[in-house]
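For the sequence shown, position 75 matches number 75 in UniProt numbering, and the numbering has no gaps at all.
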Amino acid sequence: MAARKSKWSQDVTRRSNALDLERGVFTFDDPKAIALSLKSSAEASARRKATPFRSAMSMLTFYINRAGKGLSKERRSVLEASKAELRKLYGVERG
Numbered sequence: 001m002a003a004r005k006s007k008w009s010q011d012v013t014r015r016s017n018a019l020d021l022e023r024g025v026f027t028f029d030d031p032k033a034i035a036l037s038l039k040s041s042a043e044a045s046a047r048r049k050a051t052p053f054r055s056a057m058s059m060l061t062f063y064i065n066r067a068g069k070g071l072s073k074e075r076r077s078v079l080e081a082s083k084a085e086l087r088k089l090y091g092v093e094r095g
């Protein structure tokens with residue numbers, strides 16, 4: 001029997017051509033640390049197609065959406081707080 005095929009979202013997270021993410025970035029407990037890591041990755045990437053802010057926010061939103069109901073309330077809360085931290089780092093108002 002063939003090896004179990006991984007989910008497409010897992011492949012995107014692993015092999016994203018947009019950002020080179022720090023290992024385990026989405027498991028950090030500190031929302032600011034997640035935001036800083038995503039900001040650093042986005043600004044260092046020469047392959048992104050949008051602004052660093054949009055690239056970082058897109059990757060974070062993608063991860064939250066793909067995790068879906070498998071994400072604990074606590075983890076979702078940390079990741080949502082990371083969005084606010086990312087906006088602060090870039091001086092972007094929500095809207």
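All C-beta atoms, glycine included, are put in the ideal place defined by N, C-alpha and C.
>> Given this structure, state the Cα-to-Cα distance separating D29 from A44, to the nearest angstrom.
In response: 23 Å
> What residue does the alpha helix (DSSP H) around F53 start on, and which one ends it?
Replying inline: P52 to A67
> Does the Cβ-Cβ distance between L86 and M59 come in under 8 Å?
Replying inline: no
>> According to DSSP, simplified to helix, strand and coil, what is S77?
In response: helix
>> Let me confirm a value: A56 is counted as buried when at least 16 other C-beta atoms fall within 10 Å, else exposed. Which label applies?
In response: buried
>> Which of the three DSSP states is assigned to S45 in this structure?
In response: coil
>> I'd like to check one pair, K39 with P52: are the Cβ atoms closer than 8 Å?
In response: yes
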